[in-house]
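Notes follow once the structure below has been shown.
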Amino acid sequence: MMQRTTQISLMNSARVAPGRPRDWSVIVSAVFLAIVAIAAVASPFLTEAASKQSILDSLLPPGSPGHPLGTDELGRDVLLLTVAGTGSAVAGPLVIASGSMLLAVLIGTLAGYLRGPVDWVVGRAVDILLSLPVMLVAIVVAGIFGAGYWVTVLMLIALFCPSDIRIIRAGVTEQAPRPYVEAAQMLSLSPARIMYRHIVPNVWPLVMTNFMLNLAIALVTLSSLSFLGIGVAPGTADWGRQITDGRGVIGDNPAMLLVPAVLIVLVAMAINVLGDHLGDRLRERGMQ
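The sequence shown maps to residues 6 to 293 in my numbering.
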């Protein structure tokens, strides 16, 4: 299972110092992610053009006329393939992070507020799921249900959720004894209203920070599984699959491997910077 504690520590150690450098890093990250989002929205309209093959144009180097990043062994334009692959690279991680966090808020809040048997059952289930190695589970699930893209996404939601539940539960447990919760209880408000109308808004900075972290981790994990042949089908425009296809032709066209690999790293870094900034702003607003 992914070591979330280590990843969070690395993320915190990479924080940019306050002031102008940090502001510029946030602005650059936001603009870059906006461009990636636009490419993801446009990607379905480029799939047909990206899949166009021409053996005569096979393995053209970067800078070739009409092909700024060259072509692959089938003569497909690498730039078009990369832009068309943005959709699968972004959509899956968004669904994984959103689905995992939604389940974590629902279950973690119940466990952290109600405690008792509910907390015990949730805690044991989380411990069991956290002991499962991601790659091994992915291979087993792919063998049973097939290596489809959305099957892989659903599997990763289930594997991401336990650690998210543990984090949200800890935040809710810390909030439960607060005076505002006791006041709500004295007003005879229902447990559901207390949990989701009063406690959850106070752990929202934790929720959003963890959501952004999940988004970056999901991007890397899903691309890694695609690289291993789990997720997207062969020939599909996808960054992880591009890296796999580019290994064999790196001497002819290194851009086919390097461009998607660099994009994965840059997008993950930009998400971390933006998530760190968003978490700080939400915490500052909560202190006011």
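Even for Gly, the Cβ is constructed at its ideal location relative to N, Cα and C.
Can you tell me whether DSSP reads residue i as helix, strand or coil?
i    : result
D82  : strand
S56  : coil
T91  : helix
S313 : The question about residue 313 has no answer, for the chain in this structure spans 6 to 293.
T249 : helix
T241 : coil
S63  : coil
H282 : helix
D28  : helix
P344 : Given that the chain is displayed from residue 6 to residue 293, the structure contains no residue 344 and the question cannot be resolved.
G104 : helix
I235 : coil
V254 : coil
R290 : helix
R202 : helix
Please go through the same chain and pick out, in chain order, the residues whose beta-carbon is closer than 7 Å to the beta-carbon of residue i, but skip the five residues on each side of it.
i    : result
A275 : S34, F37 and L38
W209 : L287
V100 : V158
L279 : V31, S34, A35, L38 and M217
I255 : L262
What are the boundary residues of the alpha helix (DSSP H) that includes residue i?
i    : result
S231 : W209 to F232
L4   : Residue 4 lies beyond the range of the chain shown here (6 to 293); nothing can be said about it.
V139 : V139 to F150
L194 : That residue, L194, is in no alpha helix (DSSP H); it is neither H nor E in DSSP.
P122 : G121 to L135
Determine which residues share a DSSP beta bridge with residue i and list them.
i   : result
T76 : D82
Beta-carbon within less than 6 Å of residue i's beta-carbon, same chain only, minus the 5 sequence neighbours each way: which residues are those?
i    : result
A143 : L230 and I235
R246 : S231 and V237
P26  : In this predicted model, P26 has a pLDDT of only 49, less than 50, meaning its place in the structure is not dependable; the value taken from the coordinates is given anyway. Excluding positions up to five away in sequence, the list is empty.
F294 : With the chain covering 6 to 293 only, the question about residue 294 has no answer from this structure.
Y154 : G236 and V237
A89  : S48, L51, T52, A55 and A242
Sorted by chain position, which residues of the same chain lie with C-beta nearer than 8 Å to residue i's C-beta, five sequence neighbours on each side aside?
i    : result
T157 : G97, A143, V146, A147, L227, L230, I235 and G236
Are the segment 198-214 and the segment 222-232 touching, with three or more C-beta to C-beta distances below 8 Å?
-> no
At least three beta-carbon pairs within less than 8 Å, the segment 269-280 to the segment 118-134 = No, they do not touch.
With a cut-off of 8 Å, do at least 3 Cβ pairs link the segment 166-175 to the segment 103-118?
-> yes
Between the segment 69-81 and the segment 127-136, do at least 3 Cβ pairs fall closer than 8 Å?
-> no
Just checking, does the segment 51-65 make contact with the segment 195-207 on the three C-beta pairs under 8 Å criterion?
-> Segments in contact, no.
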